[in-house]
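Okay, so here's the structure we're looking at.
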Amino acid sequence: MNRLLQLLCICLLGLATTTVTFGSEGALMQAKVDLSNRESLKNGARIFINYCLSCHSAAYMRFNRVGQDLGIDEDTLKRDFMFGTDKPGDTMTVAMRKEDARDYFGTPIPDLSVIARARGADWLYTFFMTFYRDPARPFGVNNIQFKDVAMPHVLWELQGLQRAVTEQETLPDGATVERITHLELETPGKQSPSEYAATVQDLVNFLVYLGEPVQLQRHAIGAWVIGYLLAFLVVAWLLKREYWKDVH
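At position 17 of the sequence shown the residue is numbered 38 (the numbering used here), and the sequence of numbers has no breaks.
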């Protein structure tokens, strides 16, 4: 019994530590994931293919599966969602070798097939929204959610460039540190802030779908399953009442 209590305390301590670590990154913005919105998923797929797939692969997904799930015919898929050398049955891979990626960016480039399951939709949404200009970084930008991120802001043409507004904070030991309070749009992009937020929402929507494509079917079938179980509950209750009527 004592050992069980010790293990429970260790688990609770681990949860508390994790909470502090996540909290240190700042509050997450909320992503309104809606996998029933096929137009959002299609636009998210376009954004992903045009802006992300040059470096990041999605090796667990095939182009024709995206077309099948999102209702995209093969001609449109080839024209708007694939590069010239790709075939519908190909997986979403990139031409860049891992060795080259490590040389260019200083770290291996992650595959994004299950990034939404690993990080969460809110984390991804916040990440895409919080790039800011930082001349000290190799690509001239940094990120509030992922400090010292080793990648450029690939959506900067759409969002524009933000600058970090900071303030001095005094620590208990008397030392002062510079803390980012918020971001301000310094150089406007092609989209307004609301349009860019919608674009990021579509991209996150697609990444959530990418992490578990079957959930499109699961959500549709789930409603029928719940309906069946509710109907069966009524039948089971009536049957139970019939069996036990003499007892009561």
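Yeah, the Cβ is synthetic: ideal placement off N, Cα and C, and Gly gets one too. Computed from a predicted structure; not experimentally measured.
In chain order, which continuous runs of the alpha helix (DSSP H) of length 4 or greater are located wholly inside the stretch 229 to 269?
236 to 265
With 16 other Cβ atoms within 10 Å as the buried cut-off, status of V246:
exposed
Return the CA-CA distance between T42 and A48, expressed in angstroms with no decimal places.
Below a pLDDT of 50, predicted positions are generally treated as unreliable, and T42, at 32, falls in that range; the measurement from the model is reported next regardless. Near 12 Å, if we compare the C-alpha coordinates of A48 and T42.
I need the boundaries of the beta strand (DSSP E) containing T114, first residue and last residue.
First-last for T114: undefined, no H or E at that position.
Among E178, W144 and Q183, which residue has its Cα nearest to the Cα of Q166?
W144
To the nearest angstrom, how far is the alpha carbon of V255 from that of F102?
48 Å
For G210 and Q180, believed in contact at Cβ under 8 Å, the rounded distance:
5 Å
Which of the three DSSP states, helix, strand or coil, is assigned to N58?
coil
Collapsed DSSP secondary structure at V87 in the structure displayed
helix
So the alpha helix (DSSP H) A139 belongs to, where does it begin and stop?
Counting along the chain, the alpha helix (DSSP H) containing A139 begins and ends at I136 to R140.
My guess is that D90 and N226 are in contact by the Cβ rule of under 8 Å, so how many angstroms apart are they, rounded?
Actually they are not in contact, since the Cβ atoms of D90 and N226 sit about 13 Å apart, beyond 8 Å.
In this structure, does DSSP put A80 in helix, strand or coil?
strand
Among D155, Q51, G105 and D132, the one whose alpha carbon lies nearest that of M82
Comparing Cα-Cα distances from M82 to each of D155, Q51, G105 and D132, the minimum goes to D132.
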